[in-house]
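In this note's numbering, the protein residues as written are 564 to 857.
The C-beta atom is built at its ideal place from N, Cα and C for all residues, glycine as well.
The structure presented is a predicted model; accordingly, all values stated were derived computationally and were not measured.
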Ligand code: UTP
């Protein structure tokens with residue numbers, strides 16, 4: 564049988580971003596910059612570096628800035644050209660040249676599962692990646708690439724997972740898993756079950772589902788048959804639980820550092836860490852931080 568490849572990456576970005584109000588009242592959270600690059604661009608670059616050549620962004624009302632960001636900006640390019648700001652011109656062009664980006668609108672924010680279901684027509688009958696842009700992952704090998712390597716071997720859905728200690732596990736989908744023998748060592752598990760946001764005492768493990776998924780197209784029928792769950796939303800976790808009854812699914816403990824930039828403190832930490840890593844800003848910024856009377 565011909566091996567399936569992951570070529571398409573879906574970015575659900577139709578959520579309301581309530582944790583980041585008022586910044587997100589008239590601006591999508593995906594466009595908040597980490598240093599000088601919008602959050603969603605980190606995710607798109609990760610998807611491209613992992614072999615995806617088609618990007619699909621699920622948008623909603625008030626998300627126009629995302630489309631503009633990946634589009635050509637003639638006026639800006641002209642002005643930079645005239646003023647001989649060629650370095651900046653290169654940066655601006657590289658974004659619109661980047662890749663083919665398509666958009667589908669989710670008319671109402673009916674949940675992450677519903678947003679993924681919106682991708683059905685564009686994805687068709689092939690495996691695809693889902694990236695939640697506000698999980699920005701700093702890694703030597705891009706997180707999605709690590710997962711693609713598992714997918715290439717197993718040809719099954721793969722979820723990225725992270726160990727979360729203590730009560731914070733209740734903020735996540737949580738996995739019940741069993742170990743598997745594989746070249747991926749103790750990073751790979753077979754998924755037995757999953758629950759969305761369990762109470763700490765009910766959590767089946769400390770393995771949380773984070774914002775990176777590789778899913779087979781069978782997920783679409785599952786989502787279409789998933790009843791509305793917690794909060795009146797169609798939950799992706801509920802759809803994946805149905806998928807689990809049909810197919811094997813794997814969880815992979817990725818290597819890297821995740822920042823939850825949809826959360827204010829997470830965003831601040833990510834900003835500081837990314838700025839410190841920058842060649843042009845790292846040294847003066849470090850000096851500045853050291854001089855603060857904390
Ligand atoms: P979140 O749980 O982070 O929700 O959604 P949110 O609305 O974006 O942010 P808060 O919690 O209110 O601050 C997880 C991902 O699912 C997308 C979001 O855009 C985010 O990437 N999503 C969520 C949709 O695309 N549609 C929905 O109906 C819900």
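Exposed or buried, what is residue 697 when buried is set at 16 or more other beta-carbons lying within 10 Å of its beta-carbon? Result: buried.
By the 10 Å Cβ neighbour count, where 16 or more other Cβ atoms means buried, how is residue 622 classified, buried or exposed? The residue in question, residue 622, is buried, as its Cβ has 16 or more Cβ neighbours within 10 Å.
Minimum length 4: unbroken alpha helix (DSSP H) runs contained in the stretch 641-708: Listed in chain order, they are 649-660, 675-680, 683-686.
Whose C-beta lies closer than 8 angstroms to the C-beta of residue 844 among residues of the same chain, with five residues either side of it excluded? Within the same chain, residue 844 has close Cβ partners 598, 838.
With 16 other Cβ atoms within 10 Å as the buried cut-off, status of residue 584: Exposed.
By alpha-carbon positions, which one of 686, 727, 684 ends up nearest to residue 820? In terms of CA proximity to residue 820, 727 leads the group 686, 727, 684.
Closest by C-alpha distance to residue 576, when choosing among 643, 787, 628: That would be 628, whose Cα lies nearest to the Cα of residue 576.
Can the beta-carbon of residue 822 be found closer than 7 angstroms to that of residue 699? The Cβ-Cβ distance between residue 822 and residue 699 falls below 7 angstroms.
When you compare only the Cα positions, how much space is there between residue 806 and residue 741? Their Cα atoms are separated by approximately 17 angstroms.
Tell me which same chain residues have a C-beta within less than 7 angstroms of the C-beta of residue 781, skipping the five on either side of it? Answer for residue 781: 806, 809, 810, listed in chain order.
To test your reading of the DSSP string, which unbroken beta strand (DSSP E) runs of 3 or more residues are found completely within the stretch 581-635? List check, beta strand (DSSP E) in window: 617-622.
Residue 813 - containing beta strand (DSSP E), residue span: Run containing residue 813: 812-816, per the beta strand (DSSP E) assignment.
Checking 7 angstroms against the spacing of the C-beta atoms, do residue 720 and residue 789 come in under that value? It is not a contact, given that the beta carbons lie outside the stated cut-off.
Any chance the CB of residue 678 is under 6 angstroms from a heavy atom of ligand 1? Correct: residue 678 has its Cβ closer than 6 angstroms to ligand 1.
Alpha carbon to alpha carbon, what distance is there between residue 634 and residue 616? Rounded to whole angstroms, residue 616 to residue 634 spans 16 angstroms at the Cα level.
How big is the Cα-Cα spacing for residue 571 and residue 751? Approximately 23 angstroms, taken between the alpha carbons.
Specify the secondary structure class of residue 774 as computed by DSSP and reduced to three states. The three-state secondary structure of residue 774, taken from DSSP, is strand.
Could you tell me which of 802, 669, 784, 602 sits nearest to residue 756, measuring between CA atoms? By alpha-carbon distance to residue 756, the top candidate from 802, 669, 784, 602 is 802.
When every heavy atom of ligand 1 is checked, does at least one fall within less than 6 angstroms of the C-beta of residue 606? With a cutoff of 6 angstroms, residue 606 does not count as near ligand 1, since its C-beta is closer than that to no heavy atom of the ligand.
Counting beta carbon pairs with one atom in the stretch 731-748 and one in the stretch 758-769, are three or more of them shorter than 8 angstroms? Verdict: yes, contact present.
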